[in-house]
Every structure is written in C-alpha cells, then in structure tokens.
Amino acid sequence: MPAALSEILGDLITVNHRLTRLAAYAAHDSESPAIWRTLSVLRQTGPMRLGDLAVRSRVSQPTATKLVSHLAARGWTTRQPDPLDARVALTSITPAGEAALTDWRRRLGLALLPAFADLPTADIETLERMIGILRDRVDRTEVGDRRELAADGVPA
1 MPAALSEILG DLITVNHRLT RLAAYAAHDS ESPAIWRTLS VLRQTGPMRL
51 GDLAVRSRVS QPTATKLVSH LAARGWTTRQ PDPLDARVAL TSITPAGEAA
101 LTDWRRRLGL ALLPAFADLP TADIETLERM IGILRDRVDR TEVGDRRELA
151 ADGVPA
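Numbering follows the UniProt record's numbering, in which position 109 of the sequence shown is assigned residue number 109; successive positions increment by one, without gaps.
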C-alpha cells in the first residue's frame, strides 16, 4: 500500500530542504537562504509591500526590512511608492537581482551535478515531470493566495 499523500509531501519537503543545503554547501554559497527566498518571492509575485514580503519570505518584518535594505544596497531590489497608497512602498526585484538569482540557481545546479550525473534518462525524465507537477500545484496555490489577499483589500 502506498504511503499517505501527506507523508509523501512531508518527505518531499524534507528532502528538498536537505538538497538545498547540500547544494549551497557544495557551491560554497555563504549567503543567507532568506536572501534567495526573498528574491525568488519577488520574481514570482512582482512588487509587494514589505509586510507581505516578510510573510511570504517567512521572516519577521524587522528582518525583511534589513533584507530589503541589504538587497537594495547590492542593487538587487528597489522600492517605489505604491500607486494605491502613497504612504506605502512596494519592493521589486531589479534586473541585477534577477541575474544574481539566475546565477545562484545555475551554481547550485552545477554543484549538484556530480551527485546526479549517473542518473538514467528515465529518472531524469521523471524529475522533469515532477518539477512540472510541483510547479503547477504551487502556481495554483500562489494564485489563490494572491486572490485572497486582494479580496481583503490588499493589492496582490
């Protein structure tokens, strides 16, 4: 009998976290995972308020403030007034931030290549299918989250 879906998903998340740590170690990446998570959130969702960014990046608002300041100092994010509320700023990823994120992902993939280079073609195809399935499910969930935020009167 196959494992319960909730157990499989729990294992997937755990293995994914381990894989990310292994890749960062192998790539000699010393950046905080919160930096890459924050840039990834901004790339996926577009400009957003600092509080929403903190929630999506799974950090406190003071930590998000420090992260955004650090990223802005590197030229990876920018802040501009919210067109709906001039009292609020929206944080966006810059082209330099996009390039840094793309380079980070490339470096992690290259660092893991030796551990996966001997996979048979069928397993690589399975991984590709799984990425498509996971991306689809996550995209659908994130769209629902953005609609929920918009329904609460907060721009998504």
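Note that CB positions come from ideal geometry on N, CA and C, so glycine has one too. Note that this is a predicted model, so its numbers are computed, not measured.
- If you draw a straight line from the Cα of residue 126 to the Cα of residue 118, it is about 14 Å long.
- Counted as a single uninterrupted DSSP element, the alpha helix (DSSP H) harbouring residue 52 occupies residues 50-57.
- Within the same chain, and ignoring the five residues on either side of residue 110 in sequence, the residues whose Cβ sits closer than 8 Å to its Cβ are 27.
- Residue state for residue 77 is assigned as strand, using DSSP reduced to three classes.
- Taken in chain order, the whole beta strand (DSSP E) runs of length 3 or more contained in the UniProt domain "HTH marR-type" (5-136) are 77-82 and 85-93.
- The residue from 20, 88 and 129 with its alpha-carbon nearest to that of residue 50 is 88.
- The closest CA to that of residue 35, considering only 67, 96 and 45, is found on 67.
- Cβ contact annotation for residue 81 (same chain, cutoff 7 Å, sequence separation greater than five): 89, in chain order.
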